[in-house]
Amino acid sequence: MMATLSIFQRVFHSIVLTPFIFNSCCCTMLHGYRQNILNKRIHKLCLFFLQNRDNYIRSCRLLPDGRTLIVGGEASTLSIWDLATPTPRIKAELTSSAPACYALAISPDSKVCFSCCSDGNIAVWDLHNQTLVRQFQGHTDGASCIDISNDGTKLWTGGLDNTVRSWDLREGRQLQQHDFTSQIFSLGYCPTGEWLAVGMESSNVEVLHVTKPDKYQLHLHESCVLSLQFAYCGKWFVSTGKDNLLNAWRTPYGASIFQSKESSSVLSCDISVDDKYIVTGSGDKKATVYEVIY
């Protein structure tokens, strides 16, 4: 059980972007047209690639080996960056029919990339062959957020059409659809495989059981919920919002564990793989790293 939350604020003043990424090699934060990070070498790499992007970045994912970065945003292409060389370079671009990408996910084996498109489609990319292999169609408005199960067999997506959908990645079909009264801005799939947390434009967070009708509604946010992330242990999760709040909740029923108010909208968050650190990115060009003391 978490007893206290201490904050060491390595606050970096730069232009804002979502999201933040943790990998096993270092703590990396990519945030905005520009970014802030803890590792000096990655700092130089990211400055290079961000200065060579013409379009607003909405999502980026670092592969587990720390050598490849996938970037998507207000453009019809995803760029694949090679970070292993002294000077980072684009080694491939994946072109979609949609004008923008809102969110990205990577399969556990790092072979497949999923992109949430502004036209509502979920594009499935083979990273080795750099080809589009499938599109999941169902959302009637932009697909805004995404998460994948630990075993890589199931995908969850949220949309601006007020729906959350699950997809069978082996059979290539939609499994479930959950309807809401608000646009979906964020979601997270619990690593234990039982619960899905959904953050909405209405300020609500709902936690749904994926096979039973059980659900919990959480109401501490005062404005739209912009990001959401489960701890790797699955016992708690965090959400952030336009109300400047970082909330931590107990899975699944949502007892409040802690709350932190920042000085601006909290646009993004992530949790380290050992569940010891939470990092947030906010609209006042700051990154904040929280140390979780159990």
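Taking the numbering used here, I'd label the letters of the sequence shown as residues 964 to 1257. Glycine included, every Cβ here is placed at the ideal spot set by N, Cα and C. Note that the structure is predicted; figures quoted are calculated from it, not measured.
> Just the Cα atoms here: how many angstroms apart are L1067 and C1153?
Replying inline: 17 Å
>> Measuring alpha carbon to alpha carbon, tell me which residue in F1077, Q1137 and N1084 is nearest I1111.
In response: F1077
>> So the candidates are A1047, H1091, P1049 and L1032; which of them puts its Cα closest to the Cα of L1041?
In response: L1032
> Where do the ends of the beta strand (DSSP E) carrying C1079 lie?
Replying inline: V1075 to C1080
> Would DSSP call A1047 helix, strand or coil?
Replying inline: Note: A1047 maps to coil in three-state DSSP.
> Secondary structure at V1255, three-state DSSP: helix, strand or coil?
Replying inline: Residue state for V1255 is assigned as strand, using DSSP reduced to three classes.
>> Taking the straight line between their C-alpha atoms, what separation do you get for A966 and W1119?
In response: Interpretation of A966 is limited by its pLDDT of 32, a score under 50 that renders its predicted location unreliable; no figure is taken from the coordinates.
> DSSP beta-bridge partners for R1024?
Replying inline: Answer is I1033, bridged to R1024.
> Is it right to say A1047 is buried, meaning 16 or more other beta carbons lie within 10 angstroms of its own, or is it exposed?
Replying inline: exposed
> Secondary structure at H1019, three-state DSSP: helix, strand or coil?
Replying inline: It is worth fixing the name first, because residue 1019 is Tyr in this sequence and not His. Note: Y1019 maps to coil in three-state DSSP.
> Does the beta-carbon of P1215 have 16 or more other beta-carbons within 10 angstroms, so that it is buried, or is it exposed?
Replying inline: buried
> Just how far apart, CA to CA, sit G995 and C1080?
Replying inline: In this prediction, G995 scores a pLDDT of 38, lower than 50, which makes its location untrustworthy; no coordinate-derived value is stated.
> Can you tell me the Cα-Cα spacing of I1020 and A1038, whole angstroms?
Replying inline: 9 Å
> By Cβ distance, which residues of its chain are closer than 6 Å to N1084, with the 5 residues on each side in sequence left out?
Replying inline: Q1098 and Q1100
>> Quick check on the burial criterion: 16 or more other C-beta atoms within 10 angstroms. Buried or exposed for S1219?
In response: exposed
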